[in-house]
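Here is the structure we will look at, set down as structure tokens.
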Amino acid sequence: MPVGYWWTVAVLSWGVACALNRWRRPGPLAKIPALLVSELPFIVAYLLIASTVLAFADSDLDLDALLRDAPAV
Numbered sequence: 022m023p024v025g026y027w028w029t030v031a032v033l034s035w036g037v038a039c040a041l042n043r044w045r046r047p048g049p050l051a052k053i054p055a056l057l058v059s060e061l062p063f064i065v066a067y068l069l070i071a072s073t074v075l076a077f078a079d080s081d082l083d084l085d086a087l088l089r090d091a092p093a094v
């Protein structure tokens, strides 16, 4: 998995986690991502979709290996 894609997913996931969590005294590392994710959810979704499409276009994500190693249901 490419490092740039991993960082994009990690930052967006941190924002979602901060938006869903209820801390008594959130600092700026929790308040700002939570505000961006909760107020601009479509922008965050478009950013994640664009990053995923770019990773597929660059052949950085191997869908065949993912499906081959998946457990049978």
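The numbering of the sequence shown is the numbering used here, which starts it at 22 and goes up by one. Even glycine gets a Cβ: it sits at the ideal position worked out from N, Cα and C.
Check                                                                              : Outcome
P54, DSSP secondary structure in three states                                      : helix
S38 and V58 closer than 7 Å at C-beta                                              : Before going on, a small fix: residue 38 reads as Ala here, not Ser. The answer is no: Cβ separation not under 7 Å.
Residue span of the alpha helix (DSSP H) that contains S72, given as start and end : P62 to A78
Proximity test, Cβ basis, 7 Å: S80 and chain B                                     : In the structure shown, chain B does not exist; there is a single protein chain.
Assigned secondary structure, D85 (DSSP; H/G/I helix, E/B strand, else coil)       : helix
Euclidean distance between Cα positions of P1 and D85                              : Residue coverage of the chain in this structure runs from 22 to 94, which leaves residue 1 outside it and unanswerable.
Reduced DSSP secondary structure (H/G/I, E/B, other) of P23                        : coil
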